[in-house]
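J.: Below are the structure tokens for one structure; questions will follow.
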Amino acid sequence: MAIAETAVQERRTIDLDEERSYMDAIDRWLEREVIPVIKHHDHNDIWPEELVGQMAEMGLFGATIAQEYGGLGLPATTYAKIVMRISSHWMAITGIFNSHLIMAAAVERFGTPSQKEAWLPKFASGEIRGGLALTEPNAGTDLQAIRMVARRDADDYVLNGTKTWISNAVNGSCFALLAKTDPAAQPRYKGMSLFIVDKRQGLSVGKQFDKLGYKAIDSAELVLEDYRIPANHLIGEEEGRGFFQATGGLELGRINIAARGVGLADGSLRHATEYAQQRETMGKPIAQHQAIQLKLGDMATRARAARLLTLDAAQAYDRGERCDMEAGMAKYFASEAAVENSQEAMRIYGGYSYSKEYDIERYYRDSLLMCIGEGTNEMQRIIIAKQHLKNNPA
Ligand SMILES: Cc1cc2nc3c(=O)[nH]c(=O)nc-3n(C[C@H](O)[C@H](O)[C@H](O)COP(=O)(O)OP(=O)(O)OC[C@H]3O[C@@H](n4cnc5c(N)ncnc54)[C@H](O)[C@@H]3O)c2cc1C
501 MAIAETAVQE RRTIDLDEER SYMDAIDRWL EREVIPVIKH HDHNDIWPEE LVGQMAEMGL
561 FGATIAQEYG GLGLPATTYA KIVMRISSHW MAITGIFNSH LIMAAAVERF GTPSQKEAWL
621 PKFASGEIRG GLALTEPNAG TDLQAIRMVA RRDADDYVLN GTKTWISNAV NGSCFALLAK
681 TDPAAQPRYK GMSLFIVDKR QGLSVGKQFD KLGYKAIDSA ELVLEDYRIP ANHLIGEEEG
741 RGFFQATGGL ELGRINIAAR GVGLADGSLR HATEYAQQRE TMGKPIAQHQ AIQLKLGDMA
801 TRARAARLLT LDAAQAYDRG ERCDMEAGMA KYFASEAAVE NSQEAMRIYG GYSYSKEYDI
861 ERYYRDSLLM CIGEGTNEMQ RIIIAKQHLK NNPA
């Protein structure tokens, strides 16, 4: 049986009042602290240190970590709604706690009891923050082609290789990192293992990327040269399970990207609607021209469909069901909805869309990433089709 099938746990449910209180707190924070500083951080690509401290105070770094380890233990549905709300204003900051929570989910789902005790409370409080390190210069989609090697040496592992495009690489200090413990293994996934690596001698930050969008969050290389860690940093303390552990964590990651897509699609719609009601041509607001109404109708429908698909996947995750197909559908549809809605919003803004004075250009730049991260949309469609064919044998 695949590890992913055994390790998913049913999550706690929360009542509507509790969920509403989280959403209200997020709304207040967005209004008072976040919205006023978005342009400054985005346009100057400055990591939002103050906001990160506030996120820790609100418990966002432990949002999905169980309460017994100091987290909020939120179900994926509430978590997705929080991510949607924040992303409808500024998607990039959700990346600071999302990659971190995927790392935490790998430890929580697959770690030994002592690994959970050691790491999860510090992850939940935000004392230790980090992310997920899978991609390498030669291997993104084809994860089994990675070249990072972890060699057992008495009570330690020694790691050598380079990871790239790692979110939070500069400002984070700890990562769930995929390496080959048996590079000759066939099939290749059997030789892969997932480690908790923290910043210490032998691990350095390499090239930092200057990106089109997704500003203010760092993306960089992690370079490991004779990097030595105790053997108990191997998640689950059993070699050969890393591929399933890493891809199992992507279910929550895909729900998160879908939620970000919903937020971007919603935010684009909100901005476009406000603008279309103010901007006048031919003596009336452009919202009264049918050509603009067709766009708004499509945008509203896409945003709603994306939200429903995302909540559907999150509910399956909360029930403890395997949901790679549902999460893939949500990620695929919501990320395309984000791109299409932001493009349509750009058209509704006309020439002003091209000015950095308005927010809409940021939605356009940020939304394109959603089609790439946590598995490209090309791959999502293949995963969906394979699962569909499995469910419908000839
Ligand atoms: C801003 C940003 C942040 C990121 N953060 C992280 C992070 O925190 N951690 C991390 O590990 N990675 C991260 N990534 C990396 C990201 O996960 C990869 O870029 C992604 O998985 C795609 O891999 P690739 O770029 O190597 O593209 P490739 O794998 O080279 O793919 C190139 C193209 O070929 C297509 N393709 C490839 N194989 C197939 C196939 N079999 N069938 C059909 N089409 C195929 C792809 O869909 C794509 O269109 C980040 C990337 C970006 C841009």
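Each residue of the sequence shown is one higher than the one before, starting from 501 at the first, in our numbering.
C-beta: ideal position from N, C-alpha, C; glycine also.
These numbers were taken from a predicted model, which means no experiment stands behind them.
#1: Determine, using beta carbons only, whether residue 630 and residue 595 come nearer to each other than 8 Å.
#2: In whole angstroms, what separates the C-alpha of residue 778 from that of residue 534?
#3: Between 831, 863, 668 and 592, which has its C-alpha nearest residue 805's C-alpha?
#4: To the nearest angstrom, how far is it from the Cα of residue 877 to the Cα of residue 783?
#5: Can we say the segment 757-768 touches the segment 833-840, given the rule of at least three CB pairs closer than 8 Å?
#6: Could you tell me which residues DSSP pairs with residue 698 in its beta bridges?
#7: Are the beta-carbon atoms of residue 548 and residue 582 separated by less than 8 Å?
#8: Count the CB pairs spanning the segment 707-725 and the segment 604-624 that are closer than 8 Å, and state whether there are at least three.
#9: Buried or exposed: where does residue 854 fall if 16 or more other Cβ atoms within 10 Å of its Cβ makes it buried?
#10: Report buried or exposed for residue 576, applying the criterion of at least 16 other Cβ atoms within 10 angstroms of its Cβ.
#11: Using 7 Å as the cut-off, classify the Cβ of residue 711 as near or not near the heavy atoms of ligand 3, replying yes or no.
#12: On a CA-only basis, which of 748, 666, 645 and 695 is nearest residue 687? Give me that one, please.
#13: Beta carbon of residue 634, beta carbon of residue 678: below 8 Å?
#14: Which class does residue 898 belong to by DSSP, given the choice of helix, strand or coil?
#15: Contact between the segment 727-741 and the segment 695-704 is defined here as three or more beta-carbon pairs at a separation below 8 Å; is this criterion met?
#16: Express the C-alpha separation of residue 714 and residue 544 in angstroms, rounding to a whole number.
#17: Under the three-state reduction of DSSP, which class applies to residue 505: helix, strand or coil?
#18: So for residue 591, helix, strand or coil by DSSP?
#19: So within the segment 536-584, which uninterrupted alpha helix (DSSP H) runs reach at least 4 residues, ignoring any that extend past its ends?
#20: From the DSSP output, in three-state form, read off residue 653 for me.
#21: Check whether the Cβ of residue 547 lies closer than 7 Å to any heavy atom of ligand 1, and answer yes or no.
#22: Taking the alpha carbon of residue 883 as the point to measure from, which residue in 664, 738 and 754 has its own alpha carbon closest?
#23: DSSP state of residue 638, grouped into three classes?
#24: Candidates 656, 531, 637 and 724: which alpha carbon is nearest residue 705's?
#25: Can you list, in chain order, the stretches of the alpha helix (DSSP H) that have 4 or more residues and sit fully within the segment 808-878?
#26: Identify, in the order they occur along the chain, each residue of the same chain with its Cβ nearer than 8 Å to the Cβ of residue 628, setting aside the five sequence neighbours on each side.
#27: Note down, in chain order, each residue of its chain lying with its Cβ closer than 7 Å to the Cβ of residue 526, except the 5 sequence neighbours on either side.
#28: What residue from 744, 796 and 770 has the CA that sits closest to residue 588's CA?
#29: When DSSP builds the beta bridges, which residues end up paired with residue 631?
#30: So, at 8 Å on beta carbons, what are the nonlocal neighbours of residue 504 in its own chain, with the 5 sequence-adjacent residues on each side left out?
#31: If you run the structure through DSSP and keep just helix, strand and coil, what is residue 524?
#32: Just the Cα atoms here: how many angstroms apart are residue 501 and residue 843?
#33: In terms of residues, what are the limits of the beta strand (DSSP E) holding residue 622?
#34: Can you check which of these residues, 787, 739 and 774, is closest to residue 685 by C-alpha distance?
#35: Look at the alpha carbon of residue 756 and the alpha carbon of residue 863, and state the distance between them as a whole number of angstroms.
#36: Within the same chain, show all residues whose beta-carbon is closer than 7 Å to that of residue 591, passing over the 5 residues directly before and after it, in chain order.
T.: Quick answer:
#1: Not closer than 8 Å, so no.
#2: 25 Å
#3: The shortest Cα separation from residue 805 among 831, 863, 668 and 592 belongs to 831.
#4: 42 Å
#5: yes
#6: 674
#7: no
#8: no
#9: exposed
#10: buried
#11: Ligand 3 is not among the ligands present in this structure, which contains only ligand 1.
#12: 645
#13: yes
#14: Because the chain spans 501 through 894 in this model, residue 898 falls outside it and cannot be assessed.
#15: Taking one beta carbon from each stretch, the segment 727-741 and the segment 695-704 have 3 or more pairs nearer than 8 Å; the two touch.
#16: 12 Å
#17: The predicted position of residue 505 is uncertain, since its pLDDT is 36 and thus under 50; a value taken from the coordinates is nonetheless stated next. Of the three classes helix, strand and coil, the one that applies to residue 505 here is helix, per DSSP.
#18: coil
#19: As far as the segment 536-584 is concerned, its whole alpha helix (DSSP H) runs of at least 4 residues are 538-544 and 549-558.
#20: strand
#21: no
#22: 754
#23: coil
#24: 724
#25: 824-849 and 860-867
#26: Here the set comprises 619, 622, 673, 674 and 698.
#27: 582, 585 and 586
#28: Ranking 744, 796 and 770 by Cα distance to residue 588 puts 770 first.
#29: The bridge partners DSSP lists for residue 631 are 675.
#30: Note that residue 504 scores a pLDDT of 38, beneath 50, so its modelled location is shaky and nothing firm can be said.
#31: helix
#32: Here the model assigns residue 501 a pLDDT of 30, short of 50, so the residue's position is not dependable, and the following value carries that caveat. Taking the straight line from one Cα to the other gives about 44 Å.
#33: No beta strand (DSSP E) contains residue 622, which is instead part of the alpha helix (DSSP H) from 613-625.
#34: Closest by alpha carbon: 739.
#35: 17 Å
#36: 760, 763, 764 and 866
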